[in-house]
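In our numbering, the protein residues as written are 2 to 187.
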């Protein structure tokens, strides 16, 4: 009898360990799915403006302290001049959990005229997203607004600017998908 109880306990522990080891670290967390890490983020661009299947690639890092760093195809040169006369800095911002698998973020970047490098405006991105399919994929919507700078040295404070000062992105909300970047063996 003691032997059967011991074997049952050992089997229970072994199966429990297999289940724990088989669960990716990205799914474990006291509040729900874990977002922190580095993501390959792809914004779906409007087909009418950019053609079918056009995406803007980005690398987004969500930190434990609630901050986010987002560097995309607009930074350091951006789109061809025919599409945009601007270049952008990387986006910096904050994120928060709104549910077990839901999040939102707000980021700012500076936008410069490509022709002379003068600061033109501040760009704000507000996103809402959820885990999609599994805990290594997210999907959601970006809402982009710009805040014009009258001169490079007189930009309004983006934290104090009235809502009416922000101009929505001409294409409207932009959908995106992202996948967690994992170690790739070589």
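By construction, the Cβ of each residue, glycine as well, lies at the ideal position given by its N, Cα and C atoms.
Neighbour-count burial assignment, residue 104, 16 or more Cβ in a 10 Å radius: Indexing the chain shown from 1 puts residue 104 at position 103. Classification of residue 104: buried, given that the 10 Å Cβ count is 16 or more.
C-beta atoms of residue 147 and residue 174 nearer than 9 Å: In the chain shown, counting from the first residue as 1, residue 147 sits at position 146. In the chain shown, counting from the first residue as 1, residue 174 sits at position 173. Contact flag unset, no.
Straight-line Cα distance separating residue 115 from residue 42: Within the chain shown, numbered from 1, the residue matching residue 42 stands at position 41. Within the chain shown, numbered from 1, the residue matching residue 115 stands at position 114. About 25 Å.
Endpoints, the alpha helix (DSSP H) within which residue 58 is located: Counting from 1 along the chain shown, the entry for residue 58 is found at position 57. Counting along the chain, residue 58 falls outside any alpha helix (DSSP H), though it belongs to the beta strand (DSSP E) covering 56-63.
Distance between residue 163 and residue 184 (C-alpha atoms, nearest Å): In the chain shown, the residue the question calls residue 184 occupies position 183. In the chain shown, the residue the question calls residue 163 occupies position 162. Taking the CA atoms as reference points, residue 184 sits about 44 Å from residue 163.
Residues that residue 111 bridges to, as DSSP identifies them: Within the chain shown, the letter at position 110 stands for residue 111. Residue 111 pairs with 123.
Buried versus exposed call for residue 130 [16 or more other C-beta atoms within 10 Å across all chains shown]: Locating residue 130 in the chain shown gives position 129, where the first residue counts as 1. Under the 10 Å beta carbon count, residue 130 is surrounded by 16 or more other beta carbons and is classified as buried.
Neighbour-count burial assignment, residue 87, 16 or more Cβ in a 10 Å radius: Counted from its first residue, the chain shown places residue 87 at position 86. Under this definition residue 87 is a buried residue.
8 Å CB neighbourhood of residue 167 in its chain, flanking five on each side removed: By one-based count along the chain shown, residue 167 stands at place 166. Sequence-distant Cβ neighbours of residue 167 in its own chain, meaning closer than 8 Å and more than five residues away, are 125, 146, 147 and 148.
Option in 58, 156, 74 and 66 with minimal Cα separation from residue 250: Residue numbering for the chain in the displayed model covers 2 to 187; residue 250 lies beyond these limits and cannot be assessed.
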